[in-house]
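Protein chains in written order, with this note's numbering: chain A, 11 to 415; chain B, 3 to 81. Even glycine gets a Cβ: it sits at the ideal position worked out from N, Cα and C.
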Ligand SMILES: Cc1ncc(COP(=O)(O)O)c(C=O)c1O
């Protein structure tokens, strides 16, 4: 086998991707997918690959990662409960703080039940694959997050996608589901690639008209959309018709973990039947204590909310005035996607921005809708107005250097 | 509709998606011959679903690799 494993190498299926990456990096391009933050100075600043960098590509929407109360709660739990749980939630892995964070979620969403998973990915994986079984139908938006798709794949239900945010396409599919079959409609509040929101008022009412249960992933809205920060479903006035809300601690909350909240009277049985909940270790107590503190602080955060929206509006209008093509006509969330002409230009622009001292997310197919290459900017309440102006200057210089504007 | 009629209808639906003008037989494969990507598949499937008022779930799509299998599946689904 001097020539290497020619046949039978299970890795040959990745050859095309490997070649594409090598091609990109051979031109001297800095690797967009292996950035290291050597030091994190604040929610909006870090030393990345040796450079002082403004962070515009994290999901630290409310800047809670460095909140002194959040950190203090974690430290105390470390001291009092130790570093880890070494066990499943259903056996030895439920500590005081796991219950407390679930209580905090019940308070935050004003719902009867809350279940915390190790990540948001696992929350979608677990809930979707468990509640929709053989003979049931899952109707989902084609632009759904990978964790939703994987939840569908893991279960036994029939999976039926519809065109992104298309009310008519949703209704047609619901109408055609065989009589008597169980139906789960899966939607997101904010779609994280373009930063657009779903028309949940109409969608949830269509779902209910056909007797479907509704699950909404509100990962990118917690704390700053809806009167109490419960998400797009609250803003749209349909939260009471949403049977399950999925969320994550890895964004506004500023820690790690995922959850599902629900008013379903039988919801607690999920703790015994949902495999991604049962067959994995519970999160460390320090993470739970930090999360609980953060969630409760997010309930009283009027100023931060206002700052975040102000930042989002300023960046959106500024980028547009510079001539960039954006994912939405109006700023609908804290994510602003800048559409790149192609992957090569996108990668060049990403690198030019990094050299200016700005980190954004490079997103490429297949994660993106319509095979677009995107530079995704996500704002933080803690970005100062001055930082936002600095960011716009960086975009202008980089965009001109790369020839995009 | 019988199989022949389903065949005729789907042939007319596939035209706008058949960018290279590939000749369509029962053995024509969607992934290899027609080079459909996942977005094209979604749009094409939606056209068929609307034309026949049926659902072709992704689970069922996974079993359909070529044109002939599609015609068979749709003929059966409308029943
Ligand atoms: C819409 C959506 N759902 C779920 C997740 C998963 O969250 P987590 O990072 O907690 O796994 C994410 C983030 O990656 C997301 O964007």
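Interface flag, residue i vs chain A, CB-CB below 8 angstroms
| i | result |
| --- | --- |
| residue 14 of chain B | no |
| residue 79 of chain B | no |
| residue 33 of chain B | no |
| residue 52 of chain B | yes |
| residue 75 of chain B | no |
| residue 48 of chain B | yes |
| residue 72 of chain B | no |
Closest residue to residue i among the options (Cα-Cα distance)
| i | options | result |
| --- | --- | --- |
| residue 385 of chain A | A:130, A:410, A:344 and A:336 | A:336 |
| residue 269 of chain A | A:76, A:20, A:119 and A:90 | A:119 |
| residue 358 of chain A | A:414, A:152 and A:171 | A:414 |
| residue 290 of chain A | A:61, A:101 and A:21 | A:101 |
| residue 42 of chain B | B:56, B:29, B:17 and B:4 | B:17 |
| residue 193 of chain A | A:202, A:181 and A:203 | A:181 |
| residue 127 of chain A | A:266, A:154, A:110 and A:33 | A:266 |
| residue 86 of chain A | A:363, A:343 and A:301 | A:301 |
| residue 52 of chain A | A:77, A:32, A:312 and A:138 | A:77 |
| residue 237 of chain A | A:338, A:162, A:207 and A:309 | A:309 |
| residue 297 of chain A | A:21, A:95 and A:247 | A:95 |
| residue 150 of chain A | A:46, A:183 and A:245 | A:183 |
| residue 205 of chain A | A:412, A:25, A:31 and A:378 | A:378 |
| residue 27 of chain B | B:78, B:67 and B:46 | B:67 |
| residue 242 of chain A | A:391, A:388, A:207 and A:39 | A:207 |
| residue 77 of chain B | B:64, B:54, B:59 and B:63 | B:54 |
| residue 346 of chain A | A:108, A:364, A:387 and A:407 | A:387 |
| residue 103 of chain A | A:124, A:212, A:293 and A:73 | A:293 |
| residue 125 of chain A | A:144, A:55, A:276 and A:303 | A:276 |
| residue 41 of chain A | A:376, A:392, A:364 and A:404 | A:364 |
Chain B contact residues for residue i, given Cβ-Cβ distances below 7 angstroms
| i | result |
| --- | --- |
| residue 380 of chain A | 41 |
For residue i, the residue or residues it bridges with in DSSP
| i | result |
| --- | --- |
| residue 58 of chain A | A:47 and A:61 |
| residue 258 of chain A | A:268 |
| residue 207 of chain A | A:200 |
| residue 387 of chain A | A:346 |
| residue 336 of chain A | A:348 |
| residue 369 of chain A | A:65 |
| residue 168 of chain A | A:147 |
| residue 123 of chain A | A:272 |
| residue 195 of chain A | A:149 and A:224 |
| residue 68 of chain B | B:31 |
| residue 291 of chain A | A:98 |
| residue 40 of chain B | Residue 40 of chain B pairs with nothing; no bridge assigned. |
| residue 394 of chain A | Paired residues: none, contrary to the question. |
Neighbour flag for residue i against chain B, beta carbons, 8 angstroms
| i | result |
| --- | --- |
| residue 340 of chain A | no |
| residue 26 of chain A | no |
| residue 320 of chain A | no |
| residue 279 of chain A | no |
| residue 11 of chain A | No answer about residue 11 of chain A holds up, because its pLDDT of 45 lies below 50 and its placement is not dependable. |
| residue 168 of chain A | yes |
Cross-chain neighbours of residue i in chain B, by beta carbon under 8 angstroms
| i | result |
| --- | --- |
| residue 171 of chain A | 44 and 60 |
Proximal residues of chain A, C-beta to C-beta of residue i below 8 angstroms
| i | result |
| --- | --- |
| residue 6 of chain B | Simply none; closest approach about 24 angstroms. |
Contact set between residue i and chain B, taken where Cβ atoms lie within less than 9 angstroms
| i | result |
| --- | --- |
| residue 152 of chain A | 40, 41 and 44 |
Taking a Cβ distance cut-off of 7 angstroms, strictly less, list which residues of the stretch 55-68 of chain B are near chain A, in chain order. 55, 56, 57, 59, 60 and 61
Quick one, which residues of the stretch 177-201 of chain A are near chain B if we go by CB-CB under 9 angstroms, in chain order? 179, 182, 183, 185, 186, 187 and 188
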